[in-house]
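Enquirer: All you need for my numbering is the position in the sequence shown, starting with 1, plus 5.
All C-beta atoms, glycine included, are put in the ideal place defined by N, C-alpha and C.
Computed from a predicted model, the values in this text were never measured in an experiment.
Can you keep this structure in mind? I'll have questions shortly.
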Amino acid sequence: MRRYDEDQFYRAENRYAQAKSANRGIEEAQDASSYLVPPEPPTSEIDNMRWSAGVLLGSVDWVFEQLFGWSLLNDLIY
Numbered sequence: 006m007r008r009y010d011e012d013q014f015y016r017a018e019n020r021y022a023q024a025k026s027a028n029r030g031i032e033e034a035q036d037a038s039s040y041l042v043p044p045e046p047p048t049s050e051i052d053n054m055r056w057s058a059g060v061l062l063g064s065v066d067w068v069f070e071q072l073f074g075w076s077l078l079n080d081l082i083y
């Protein structure tokens, strides 16, 4: 909190200078990519095969497995 209070005048001065300048572009305060995490690979071979089959076919297989308890793609391919 103390650092915030100490930097308050500098931040106000900086905002005023940016408002008066001709260049009113957007500046990053933080790197947005630092919040992104790399995707995790599927945990099983069936999940990998399901989502490699495409969004539509993988989704249909997932719903089929949720309703009936077995994977249609797994039985057709293996």
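Determine the DSSP secondary structure at L88, reduced to helix, strand or coil.
Expert: This structure cannot speak to residue 88, because the chain is shown only from 6 to 83.
Enquirer: Out of P46, R20, A27, K25, which one is the CA nearest neighbour of A34?
Expert: Ranking P46, R20, A27, K25 by Cα distance to A34 puts R20 first.
Enquirer: Taking one C-beta from the region 50-59 and one from the region 69-78 each time, how about it: are there three or more such pairs within less than 8 Å?
Expert: Yes, the region 50-59 is in contact with the region 69-78.
Enquirer: Tell me whether the beta-carbon of D66 lies closer than 8 Å to the beta-carbon of S76.
Expert: Yes, these two residues count as a Cβ contact at 8 Å.
Enquirer: Could you tell me the boundaries of the alpha helix (DSSP H) in which V27 lies?
Expert: For the sequence presented, residue 27 should be read as Ala rather than Val. Careful: A27 lies outside any alpha helix (DSSP H) and carries neither H nor E.
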